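Protein chains: 2
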Amino acid sequence: MSSSVSPLAPKTVPDMPVIAGVRLATAEAGIRYKNRTDVLLAVMDKGTAVAGVFTRSKCPSAPVEWCRAKLKGGKARALVVNSGNANAFTGKTGRASTALTAKIAAKAVGCSESEIFLASTGVIGEPLDATKFDGVLGRLADAAEPGDYLAAAKAIMTTDTFPKVATATVKLGKAKVTINGMAKGAGMIAPDMATMLSFIFTDAPLAPAALQALLKSGVEDTFNAVTIDGDTSTSDTLLAFATGAAAEQGAPKISRASDPRLKAFVKAFNQVLANLAEQVARDGEGARKLVEITVEGAKTKASARKIAMSIANSPLVKTAIAGEDANWGRVVMAVGKAGEPADRDKLSISFNGIRVARSGARDPDYDEAQVSEAMKAPEIAIRVSLGLGKGRDRVMTCDLTKEYVAINGDYRS
Amino acid sequence: MSSSVSPLAPKTVPDMPVIAGVRLATAEAGIRYKNRTDVLLAVMDKGTAVAGVFTRSKCPSAPVEWCRAKLKGGKARALVVNSGNANAFTGKTGRASTALTAKIAAKAVGCSESEIFLASTGVIGEPLDATKFDGVLGRLADAAEPGDYLAAAKAIMTTDTFPKVATATVKLGKAKVTINGMAKGAGMIAPDMATMLSFIFTDAPLAPAALQALLKSGVEDTFNAVTIDGDTSTSDTLLAFATGAAAEQGAPKISRASDPRLKAFVKAFNQVLANLAEQVARDGEGARKLVEITVEGAKTKASARKIAMSIANSPLVKTAIAGEDANWGRVVMAVGKAGEPADRDKLSISFNGIRVARSGARDPDYDEAQVSEAMKAPEIAIRVSLGLGKGRDRVMTCDLTKEYVAINGDYRS
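Sequence order for the protein chains is A and B.
Quick note: the first sequence uses the numbering used here, first residue 16, plus one each step.
Quick note: the second sequence uses the numbering used here, first residue 16, plus one each step.
This is how it looks when you write it as structure tokens:
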């Protein structure tokens with residue numbers, strides 16, 4: 016695993032408030048790692064609503080299949096997450112492992128197995144020995160406290176170099192409600208979230224359908240607009256839990272996502288998702304530069320997204336940024352390969368606000384020395400104007416460094 | 016540019032026979048490089064048929080646009096190729112540059128400008144000063160001889176570490192006809208050929224339409240089945256020239272690609288394309304392993320191709336191979352992200368003939384030590400069986416190494 020923290024890590028970590036109805040505990044179960052926590056148990060009060068979005072991989076992991084099936088109930092009492100082993104492509108053993116984990120957790124928490132949600136991250140294709148949870152989950156259920164989200168975020172890390180948490184507090188009716196989130200990256204991150212796990216907790220009283228609608232809409236411009244290497248994991252899981260405890264402080268019960276009382280909440284909820292998604296990009300494997308790609312003037316937003324993703328996933332663009340080279344020719348290449356409407360002779364491209372190309376050729380005022388200086392910044396904004404329409408979108412990625420190759424060439428060994 | 020030859024380079028270089036009706040010459044025009052040839056002129060006899068396939072980039076280079084327009088005539092008298100500057104995304108200057116180059120070449124050769132074909136490779140976005148060809152092309156036209164294909168292949172190299180040539184001789188009717196080819200890679204190689212230039216010459220008497228049909232069909236399982244980094248260049252150009260000189264030895268004139276007399280020729284033609292395409296993969300930037308990916312049991316061949324390309328373009332699969340790690344979990348990931356029909360629990364995967372996964376889980380007989388030893392080979396064959404249908408396809412790629420990042424992080428500087 017990486018030993019040094021990403022230079023792009025946020026400078027400060029927020030204080031994470033308690034959320035009524037949620038208790039957390041972590042342990043060292045020895046799944047794969049030594050001397051670090053690798054299992055998280057979150058226990059939620061009765062009546063907690065759950066929603067989720069998952070990888071679109073055609074070969075999802077066993078825990079993803081488990082969660083998809085259990086989501087129909089809309090209720091959750093516990094979340095069990097382990098790091099070190101993804102329980103993916105483990106066949107019947109994998110399904111047996113999720114069933115056994117859920118059984119152990121249900122007994123520990125005192126609920127139905129269908130109220131248990133599971134996520135696993137780490138190596139693919141290795142059987143996960145769920146008997147390791149026996150005893151551990153019982154102790155965790157006893158020890159769980161309303162509390163340490165940072166410790167929870169640490170327990171779910173794999174090649175992440177820093178734990179990722181975010182929080183927001185907002186009014187819902189007359190009550191103050193809280194949204195806490197955590198996430199882990201760090202490679203195999205592409206739209207539809209990839210090796211990413213993220214868990215959101217709130218005390219807002221939201222019905223499962225409302226929470227699901229919020230989540231589905233919220234990921235579109237946050238987690239689904241982040242890519243590290245274009246690879247999509249078998250295990251992407253984003254789960255949201257709403258305990259409803261704020262109803263006691265007068266928060267209204269919300270059954271529909273379109274409820275106008277939810278406006279401020281939706282904004283705060285999406286900010287938490289955006290914050291976590293950006294942290295994932297900041298912790299891309301081997302990343303030294305955070306890259307924001309804005310495409311404007313496209314025919315449609317969907318077209319802008321496709322072009323932005325083509326740029327964000329281009330190894331040649333990403334290695335150029337690693338080399339602090341404002342190689343806009345490669346940006347043109349990536350625009351061209353996206354297959355979306357583009358007119359070479361209307362293209363403009365800028366790096367960190369300095370226009371390097373316009374109207375299909377090098378900008379005559381383009382000063383290589385000035386741009387080279389700008390490329391030394393840890394955050395690079397690439398803006399592409401297509402000049403065709405009003406479609407606009409923005410995605411986040413990071414550069415492609417030798418460190419990425421080193422991390423992924425030695426991951427298993 | 017890279018200084019050491021790829022360890023995957025072919026051990027021997029074929030003797031390239033002369034092709035009647037084709038004369039070649041190279042020169043140092045100082046386009047960008049010092050002390051090396053960077054311009055190739057091929058002069059063809061009157062009556063030479065031409066065909067071409069090009070990048071599908073929406074932002075093609077000026078020479079690609081030039082060739083597309085001139086292909087309609089079906090006749091060629093000269094080919095001018097320069098390395099060091101791609102004349103791509105150079106706006107009006109780029110179009111003026113192709114027009115001037117063609118004008119100079121037409122004068123040098125004594126033909127119409129519409130019989131001149133152009134290709135440029137190298138940096139994108141820098142104006143190409145075509146006045147550098149003035150004088151040079153005249154001297155080259157005088158010096159051109161029926162001959163040195165290896166020297167020609169050297170003149171068109173950019174980050175290639177070795178020149179790429181291939182040849183075949185075959186009967187057409189009672190005459191012996193020859194097919195010679197050359198190509199350059201080496202990064203930005205994806206389906207639809209990417210930074211790839213390739214030129215095929217034959218003395219077979221083929222009508223332009225027949226040659227075009229052969230070429231279009233031939234690239235499908237050769238050049239279009241090779242990917243280095245998934246990036247598609249603005250400049251991909253594959254041109255084929257048929258002088259027809261073999262008619263004098265009794266070769267029949269062929270007007271349709273479906274002509275049964277062409278059977279042996281088609282096979283040899285496709286072998287030349289396949290040979291060159293494989294050499295491109297062997298010279299992928301930073302490549303240390305040649306990787307052949309076969310997908311079988313897919314619903315259709317198109318589905319198999321899409322899955323094979325998803326595996327071939329996955330940075331995580333490619334870095335694992337660089338690390339000599341038989342990380343079949345990442346192969347599953349890449350199958351899953353392709354979006355094509357796949358049943359996780361029917362998947363089998365092997366590396367160099369050793370089955371590591373079957374029926375959705377690790378093969379119980381899988382011996383890690385044996386596979387680790389096999390992964391040290393310079394050529395890695397990944398075979399994925401989906402167990403769904405009869406669709407089968409095969410693509411070639413290479414591994415992703417730190418050297419790739421180094422080459423592309425420093426390309427312009």
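Ideal Cβ positions, reconstructed from N, Cα and C, are used throughout, including at glycine.
These numbers were taken from a predicted model, which means no experiment stands behind them.
Handout entry: Presumed contact (8 Å Cβ cut-off) between L165 of chain A and P178 of chain A, rounded CB distance
Key = 6 Å
Handout entry: Straight-line gap, S129 of chain A to G406 of chain A (C-alpha atoms, nearest Å)
Key = 43 Å
Practice task
Please determine if the stretch 361-377 of chain A and the stretch 268-280 of chain A are in contact, where contact requires at least 3 C-beta pairs separated by less than 8 Å.
Solution key: no
Exercise for the section: Could you tell me whether any Cβ in chain B is nearer than 7 Å to the Cβ of L254 of chain A? Expected result: no
Handout entry: Any chain A beta carbon closer than 7 Å to L331 of chain B
Key = yes
Practice task
Give every residue of the same chain whose Cβ lies closer than 8 Å to the Cβ of P32 of chain B, excluding the five residues on either side of it in the sequence, and list them in chain order.
Solution key: T182, T184, T193 and N195
Practice task
Enumerate, from N- to C-terminal direction, the unbroken alpha helix (DSSP H) stretches of 4 or more residues contained entirely within the stretch 282-327 of chain A.
Solution key: 316-327
Problem - Given D218 of chain B as reference, the closest of B:R110, B:T237, B:L230 and B:A190 once Cα atoms are compared - result: B:A190
Exercise for the section: Examine the ligand HEM and report whether any of its heavy atoms sits within less than 6 Å of the Cβ of G150 of chain A. Expected result: The ligand content of the structure shown is nil, which means the ligand HEM is not present either.
Practice task
Taking 7 Å as the cut-off, decide whether the C-beta atoms of L288 of chain A and A255 of chain A are in contact.
Solution key: no
Exercise for the section: Could you pull out every unbroken beta strand (DSSP E) segment of at least 3 residues lying fully inside the stretch 380-413 of chain B, listed in chain order? Expected result: 394-400 and 406-413
Practice task
For my contact list, I308 of chain A and A296 of chain A are in at a C-beta cut-off of 8 Å; report their separation, rounded to the angstrom.
Solution key: Not a contact, Cβ separation roughly 11 Å.
Exercise for the section: Taking T105 of chain B as the query, report the chain A residues whose CB atoms sit under 9 Å from its CB, ordered along the chain. Expected result: G375, A376 and R377
Exercise for the section: Give every residue of the same chain whose Cβ lies closer than 7 Å to the Cβ of K352 of chain B, excluding the five residues on either side of it in the sequence, and list them in chain order. Expected result: S325
Exercise for the section: Specify whether the stretch 388-397 of chain B and the stretch 302-316 of chain A touch according to this definition: at least 3 beta carbon pairs, one from each stretch, less than 8 Å apart. Expected result: no
Problem - Rounded C-alpha distance that separates F280 of chain A from P220 of chain A - result: 11 Å
Exercise for the section: Measure the beta-carbon distance from G233 of chain B to N285 of chain B and round it to whole angstroms, keeping in mind my assumption that it falls under 8 Å. Expected result: 5 Å
Problem - Beta-carbon spacing of A302 of chain A, C413 of chain A below 7 Å - result: yes
Handout entry: Residue from B:Q385, B:V346, B:T70 and B:L415 whose Cα sits closest to the Cα of K333 of chain B
Key = B:L415
Practice task
Check whether the stretch 40-57 of chain B touches the stretch 69-82 of chain B, counting contact only when three or more Cβ pairs, one atom from each stretch, lie closer than 8 Å.
Solution key: no
Exercise for the section: Return helix, strand or coil for V346 of chain A, following the three-state DSSP convention. Expected result: helix
Practice task
Would you kindly check if the distance between the Cβ of D408 of chain A and the Cβ of R345 of chain A is under 7 Å?
Solution key: no
Problem - Proximal chain A residues relative to S72 of chain B, where beta-carbon distance stays under 8 Å - result: M348, G351 and K352
Handout entry: 7 Å Cβ cutoff, A42 of chain A in contact with chain B
Key = no
Exercise for the section: May I ask you to report which of helix, strand or coil DSSP gives E2 of chain A? Expected result: No information on residue 2 of chain A is available, as it lies outside the stretch 16 to 428 that chain A covers here.
Problem - Backbone secondary structure at T182 of chain A - three-state DSSP - result: strand
Practice task
Using three-state DSSP, classify R51 of chain A as helix, strand or coil.
Solution key: coil
Problem - Pairwise C-alpha distance: N367 of chain B and A222 of chain A - result: 53 Å
Handout entry: Completely contained alpha helix (DSSP H) runs for the stretch 75-126 of chain A, where each covers 4 or more residues
Key = 77-86 and 106-124
Problem - Backbone secondary structure at L155 of chain B - three-state DSSP - result: helix
Handout entry: Bounding residues of the alpha helix (DSSP H) (the contiguous stretch that carries L331 of chain A)
Key = P330 to A337
Exercise for the section: On the DSSP bridge assignment, give the partners of V37 of chain A in chain order. Expected result: A:M59
Handout entry: Assigned secondary structure, G67 of chain A (DSSP; H/G/I helix, E/B strand, else coil)
Key = strand
Practice task
Would you mind working out which of A:F132, A:K118, A:A198 and A:I46 sits nearest D144 of chain A, comparing C-alpha positions?
Solution key: A:I46
Handout entry: Beta-carbon spacing of L212 of chain A, I269 of chain A below 7 Å
Key = no
Practice task
Might you give, ordered along the chain, the residues of its own chain that have their beta carbon closer than 6 Å to the beta carbon of L253 of chain B, omitting 5 neighbours on each side?
Solution key: V68 and S213
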